[in-house]
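A.B. asks: Residue numbers (this note's numbering): 652 to 1031. Okay, handing you the structure first.
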Amino acid sequence: MDKNITPPAAARFQVPTPARAALVAVLVYAFLVGVSVLQIGMSALGGDTQTQLLERVTNPLAALSVGILVTAIMQSSSATTSVIVGLVASGTLSVEAAVPLIMGANIGTTITNAIVSLGHIRQGPEFQRAFATATVHDFFNLFTVLLLFPLEMATGFLAKTATRISEILVGSSGGEWQSPIKTLVDGPVNLIDELFQRGLTGTGLGMALIAVGLVMLMGALIFITKNMRTLIADRLERSLNDLLTRGGGLVAMSFGLVITVVVQSSSITTSLLIPLAASGVLSIRAAYPVTLGANVGTTITALLAAMAASRPEALAIALVHTLFNVAGILLIYPLPFTRMLPVTAAEHLAVLATRRRSLALGWVIGTFLVLPLVLLVFLG
């Protein structure tokens, strides 16, 4: 072999595993900051509009649409449900009237996953895996609403059950808990917010923060995906999938629940699954039950706020959120046929979206913005 032949650049330079792991940690941190900046930007666009919308809608289907729309704008079901808890506690809304808003919030919160998956739109197989993993959350929550919305409107079982439990628990005291993840990212997020506030206000500020958040989020995701497969060996990939599918999904659900309680955001938990799925580290069937655990875990914020208020109405509507997510799991997940419906729907949609990329954007805009707006115009 000729010793004068120069080896290719990839062979000459290999990033050490510890350095690559540190890089991924930095990228994840940048991703979390980007998500937080995006949420602040979305909130800055709306101001008090979200609260005004939540107060005024009385038609149940219109209320469902408002829940979707407001949560899609705020990028946080925890934020929406906290506002709803406050409105119920103040007497502005009854528990029964607020239930459709809670259901809509559960659908609206999944927009973050879909937006995150669009970061892979130019990579065919990666995008198909990412979009399927993102939309399985969409479909599960949509199917849950299709099952429970008419049942609740006919019987009021969620509101009645939650009210009964709240009457037993009223007087319990809770407290606000600062998420360690939120504490970790507050510094740079506040710095970015303050920098833009010096020259911008209102809509301009919101749009600028959204742009910065999207750039950080998308950029971090691209590099996380590139580093993930190199960092995680095939054996670890199999172990991760085995762990998250063990025990009929209960381990994966518990994992999703615990992580979401820690970060206090189902959007962050489920969005972090997207680059794992895109790189092939995690299968959609392994990620699916994690999203269900995240659905339950995200209700902790409203529960703590409601218990701190020591008002039965506030606690009741917070409990509705928990009961709704648990009921959805009990109705859909136990039977193999119904369990796989969201997965099958998501996989088919991902195949179509990979062939025609505009369909992916159409799904996001149509499901979370156009459809609820149209329903709101005709029913609100």
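Note that the Cβ used here is the ideal one computed from N, Cα and C, for glycine as well.
Would you say the region 717–725 touches the region 1008–1025, given that touching needs at least three Cβ pairs under 8 Å?
C.D. replies: Yes, they touch.
A.B. asks: What number of angstroms, rounded off, separates the C-alpha of R849 from the C-alpha of P776?
C.D. replies: The sequence position of residue 849 within the sequence shown is 198, counting from 1. The sequence position of residue 776 within the sequence shown is 125, counting from 1. Taking the straight line from one Cα to the other gives about 43 Å.
A.B. asks: Using a threshold of 8 Å, state whether the C-beta atoms of F800 and P751 are closer than that.
C.D. replies: Along the sequence shown, read from residue 1 onward, the residue named residue 800 stands at position 149. Along the sequence shown, read from residue 1 onward, the residue named residue 751 stands at position 100. Yes, Cβ-Cβ distance for F800 and P751 is below 8 Å.
A.B. asks: Since R780 contacts A670 with CB under 8 Å, what's their CB separation in whole angstroms?
C.D. replies: Counting from 1 along the sequence shown, the entry for residue 780 is found at position 129. Counting from 1 along the sequence shown, the entry for residue 670 is found at position 19. 27 Å between Cβ atoms; not a contact.
A.B. asks: One question on the structure: do A997 and V767 come within less than 8 Å of each other, judged by their Cβ atoms?
C.D. replies: As a first step, residue 997 is located in the sequence shown; it is residue number 346 there, counting from the start. As a first step, residue 767 is located in the sequence shown; it is residue number 116 there, counting from the start. No, these two residues do not count as a Cβ contact at 8 Å.
A.B. asks: So within the region 743–818, which uninterrupted alpha helix (DSSP H) runs reach at least 4 residues, ignoring any that extend past its ends?
C.D. replies: If we require 4 residues or more, the alpha helix (DSSP H) runs fully inside the region 743–818 come out as 746–759, 762–768, 775–806.
A.B. asks: Between G807 and the rest of its own chain, which residues show a CB-CB distance below 7 Å, the 5 nearest in sequence each way excluded?
C.D. replies: Translated into positions along the sequence shown, residue 807 becomes position 156. Taken in chain order, the residues that qualify are E747.
A.B. asks: Under the three-state reduction of DSSP, which class applies to R1006: helix, strand or coil?
C.D. replies: As a working mapping, residue 1006 is identified with position 355 in the sequence shown. Helix.
A.B. asks: Can you tell me whether DSSP reads V947 as helix, strand or coil?
C.D. replies: The residue given as residue 947 occupies position 296 in the sequence shown. Helix, per DSSP.
A.B. asks: Inspect the beta-carbon positions of G692 and G857 and report whether they are closer than 8 Å.
C.D. replies: Position 41 of the sequence shown holds residue 692. Position 206 of the sequence shown holds residue 857. In this structure, G857 lies closer than 8 Å to G692 by Cβ.
A.B. asks: The alpha helix (DSSP H) spanning L933 covers which residue range?
C.D. replies: In the sequence shown, counting from the first residue as 1, residue 933 sits at position 282. Here L933 belongs to no alpha helix (DSSP H), and DSSP marks it neither H nor E.
A.B. asks: My understanding is that I735 touches I968, with C-beta atoms under 8 Å, so please give their C-beta distance in whole angstroms.
C.D. replies: Working through the sequence shown from its first residue, we reach residue 735 at position 84. Working through the sequence shown from its first residue, we reach residue 968 at position 317. Indeed they touch by this definition, with Cβ atoms about 6 Å apart.
A.B. asks: For L671, which three-state DSSP category applies?
C.D. replies: Here residue 671 is taken as the residue at index 20 of the sequence shown, counted from 1. For clarity, residue 671 is Arg in the given sequence; the question names Leu instead. Helix at R671.
A.B. asks: For S729, count the other beta carbons within 10 Å of its own beta carbon; 16 or more makes it buried, fewer makes it exposed. Which is it?
C.D. replies: Within the sequence shown, the letter at position 78 stands for residue 729. The residue is buried, with at least 16 neighbouring Cβ atoms inside 10 Å.
A.B. asks: What first and last residue would you give for the alpha helix (DSSP H) that runs through F1029?
C.D. replies: The residue you call residue 1029 lines up with position 378 of the sequence shown. Start and end: 1022–1030.
A.B. asks: Just the Cα atoms here: how many angstroms apart are G770 and G864?
C.D. replies: To locate residue 770, count along the sequence shown from 1; it is residue 119. To locate residue 864, count along the sequence shown from 1; it is residue 213. If you take the alpha carbons of G770 and G864, they lie about 13 Å apart.
A.B. asks: Which same chain residues, not among the five before or five after L1030, have their C-beta less than 6 Å away from its C-beta?
C.D. replies: Start at 1 with the first residue of the sequence shown, and residue 1030 comes out as number 379. Result list for L1030: N710, L712, A713, in chain order.
A.B. asks: What is the DSSP secondary structure of P985, counted as helix, strand or coil?
C.D. replies: The residue labelled residue 985 in the question sits at position 334 within the sequence shown. Residue state, collapsed to three classes: coil.
A.B. asks: In whole angstroms, what is the alpha-carbon distance linking E845 and L851?
C.D. replies: Translated into the one-based positions of the sequence shown, residue 845 becomes position 194. Translated into the one-based positions of the sequence shown, residue 851 becomes position 200. Spanning the two alpha carbons is a distance of roughly 10 Å.
A.B. asks: For D885, which residues of its own chain have a beta-carbon under 6 Å away from its beta-carbon, when the five flanking residues on both sides are left out?
C.D. replies: In the sequence shown, residue 885 corresponds to position 234, counting from 1. Below a pLDDT of 50, predicted positions are generally treated as unreliable, and D885, at 47, falls in that range; the measurement from the model is reported next regardless. Taken in chain order, the list of residues that qualify is empty.
A.B. asks: If we call anything under 8 Å between Cβ atoms a contact, is V977 one with R936?
C.D. replies: Counted from its first residue, the sequence shown places residue 977 at position 326. Counted from its first residue, the sequence shown places residue 936 at position 285. For V977 and R936, no; Cβs fall outside 8 Å.
A.B. asks: Along the alpha helix (DSSP H) that carries L851, what are the first and last residues, could you check?
C.D. replies: Within the sequence shown, numbered from 1, the residue matching residue 851 stands at position 200. Premise fails: L851 is in no alpha helix (DSSP H) and is neither H nor E.
A.B. asks: Among residues of its own chain, excluding the 5 on either side of F791, which ones have a beta-carbon nearer than 6 Å to its beta-carbon?
C.D. replies: Start at 1 with the first residue of the sequence shown, and residue 791 comes out as number 140. Closer than 6 Å at Cβ, skipping near neighbours: P993.
A.B. asks: For a quick check, are the C-beta atoms of A740 and A965 less than 8 Å apart?
C.D. replies: The count along the sequence shown starts at 1 and reaches residue 740 at position 89. The count along the sequence shown starts at 1 and reaches residue 965 at position 314. For A740 and A965, yes; Cβs fall inside 8 Å.
A.B. asks: Give the range of the alpha helix (DSSP H) segment to which G1017 is assigned.
C.D. replies: Within the sequence shown, residue 1017 is the residue found at index 366, counting from 1. Segment: none, G1017 is in no alpha helix (DSSP H) and carries neither H nor E.
A.B. asks: Run through DSSP, which three-state label would A923 get?
C.D. replies: By 1-based counting over the sequence shown, the position of residue 923 is 272. A small fix is needed here, since residue 923 is Leu in this sequence, not Ala. Coil.
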